[in-house]
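Numbering (my numbering), first residue to last: 78 to 315. Where a beta carbon is used, it is the ideal one built from N, C-alpha and C, also for glycine. No experiment lies behind these values; they were computed from the predicted model shown.
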Amino acid sequence: MGRAFEFRKARKFKRWGQMAKTFTKIGKDIAIAVKAGGTDPNSNSRLRAIMQNAKAVNMPKVNVENAIKRASSKDQEDYKEVVYEGYGAHGIAVLVECTTDNTNRTVANVRSYFNKCGGSLGTSGMLDFIFDRKCIFKVAKTENIDVEELELELIDFGADEVFLDIETNQVNIYGEFAAFGAIQKYLEENGFELQGADFERIPNDTKELTEEQIADVEKLIEKLEEDDDVQNVYHNMR
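Here it is, written out as structure tokens:
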């Protein structure tokens, strides 16, 4: 089923388990999307995708509308997207995506988590050779969808992996980072029920650890995920 699928199934850390944090994450995504492309989802494809993500996690419509209004007001915090890279215990590569209104606070916190958990924060770009950035789309599986035919069709639009996630009954579509707009347009124009769209960092090489070593790395991951500025955490632990 492919490297991306195996990576997703093997990750042991929780992803936005608390609903409040999920809504906060989406709110920040909306703020950045509106600043970059405006408040109209019809002309702002990134905002449109985030609204679909909000619907998928049952975020109330009024919350989404309020987030869009705040994003276009003068009172909205000036969020920046920053990426921090380093190594955790036992040589595990860890990449941290953050959205923050205070980079000094964020980098200090992230560095302290690495230091306290036996790791070290590195320099920007040091993990480019380990992680590939991909776009991911989740589509509702219907009887009319032939996964193999869809994959062949989407190859021309930049997709490189299409598979059925049996647990969620969703068709997952992975593509190159730059292919986001083309794939999104194809799915929307052809009537697919899009249930989620985002970007992910996929490791091209993973490292196997013992259970005790895994526990050491998970301490760092948990501390990072508890930080309000942290949006996503990726690693190459098998």
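Select from Val216, Arg278 and Asp178 the residue whose C-alpha is nearest the C-alpha of Val310.
Your numbering for residue 310 matches position 233 in the sequence shown. Answer by Cα proximity: Arg278.
Residues in its own chain within less than 7 Å of Val111 by CB, not counting five upstream and five downstream?
For the purposes of this step, residue 111 is identified with residue 34 of the sequence shown, where counting begins at 1. For Val111, where only same-chain residues beyond five positions count, the Cβ hits under 7 Å are Leu124, Ile145, Ala148 and Ser149.
May I ask which residues mark the beginning and end of the alpha helix (DSSP H) holding Asn143?
The residue you call residue 143 lines up with position 66 of the sequence shown. For Asn143, the enclosing alpha helix (DSSP H) stretches over residues Lys138 to Ala148.
Going by DSSP, what residues sit across from Leu172 in a beta bridge?
Counted from its first residue, the sequence shown places residue 172 at position 95. In the DSSP secondary-structure assignment, Leu172 is bridged to Glu162 and Tyr311.
List, from N- to C-terminal side, the beta strand (DSSP E) runs of 3 residues or more that fit wholly inside the segment 183-223.
With a minimum length of 3 residues, the continuous beta strand (DSSP E) runs that stay inside the segment 183-223 are 208-217.
Can at least three beta-carbon pairs, one atom from the segment 279-296 and one from the segment 220-238, be found at a separation below 8 Å?
When Cβ pairs closer than 8 Å are counted between the two stretches, the segment 279-296 is seen not to touch the segment 220-238, the count staying below three.
In angstroms, rounded to a whole number, what distance separates the CA positions of Lys157 and Glu174?
Against the sequence shown, residue 157 aligns to sequence position 80. Against the sequence shown, residue 174 aligns to sequence position 97. The alpha-carbon atoms of Lys157 and Glu174 are separated by roughly 11 Å.
Measure the Cβ-Cβ separation of Lys215 and Gly273 and say whether it is below 8 Å.
Here residue 215 corresponds to residue number 138 of the sequence shown, with the count starting at 1. Here residue 273 corresponds to residue number 196 of the sequence shown, with the count starting at 1. Yes, these two residues count as a Cβ contact at 8 Å.
So, does the segment 161-178 touch the segment 297-312, judging by three or more C-beta pairs under 8 Å?
A contact exists between the segment 161-178 and the segment 297-312.
For Glu154, is the classification buried or exposed, using 16 other Cβ atoms within 10 angstroms of its Cβ as the cut-off for buried?
Your numbering for residue 154 matches position 77 in the sequence shown. Glu154 should be labelled exposed.
Note down, in chain order, each residue of its chain lying with its Cβ closer than 7 Å to the Cβ of Leu204, except the 5 sequence neighbours on either side.
Against the sequence shown, residue 204 aligns to sequence position 127. Cβ neighbours of Leu204 beyond the five flanking positions: Glu162, Ala170 and Leu172.
Mind reading off the beta-carbon distance from His167 to Asp282? Whole number of angstroms is fine, and I expect it under 8 Å.
Taking the sequence shown and counting its residues from 1, one reaches residue 167 at position 90. Taking the sequence shown and counting its residues from 1, one reaches residue 282 at position 205. That pair is no contact at about 15 Å.
Distance, Gln247 Cα to Asp305 Cα
Taking the first residue of the sequence shown as position 1, residue 305 is located at position 228. Taking the first residue of the sequence shown as position 1, residue 247 is located at position 170. Cα to Cα, Asp305 sits roughly 29 Å from Gln247.
Straight-line CA distance for Thr116 to Glu142?
As a position in the sequence shown, residue 116 is number 39, starting the count at 1. As a position in the sequence shown, residue 142 is number 65, starting the count at 1. Taking the straight line from one Cα to the other gives about 10 Å.
Which stretch, first to last residue, makes up the beta strand (DSSP E) that contains Glu253?
As a position in the sequence shown, residue 253 is number 176, starting the count at 1. First-last of the beta strand (DSSP E) with Glu253: Gln247 to Glu253.
Locate the alpha helix (DSSP H) running through Gln153, then write down its first and last residues.
Translated into the one-based positions of the sequence shown, residue 153 becomes position 76. First-last for Gln153: undefined, no H or E at that position.
Excluding the five sequence neighbours on either side, which residues of its own chain have a C-beta within less than 7 Å of the C-beta of Trp93, listed in chain order?
Locating residue 93 in the sequence shown gives position 16, counting from the first residue. Residue confidence is low: Trp93 scores 44 on pLDDT, short of 50, so the model does not pin down where it sits. Its coordinate-derived value is still stated next. Closer than 7 Å at Cβ, skipping near neighbours: Thr99 and Lys102.
Under three-state DSSP, which class holds Gly268?
Within the sequence shown, the letter at position 191 stands for residue 268. Under the three-state reduction of DSSP output, Gly268 falls in the coil class, being neither helix nor strand.
Pull up the distance between the alpha-carbon of Val134 and that of Ile207, whole angstroms please.
Within the sequence shown, numbered from 1, the residue matching residue 134 stands at position 57. Within the sequence shown, numbered from 1, the residue matching residue 207 stands at position 130. C-alpha separation (whole angstroms): 30 Å.
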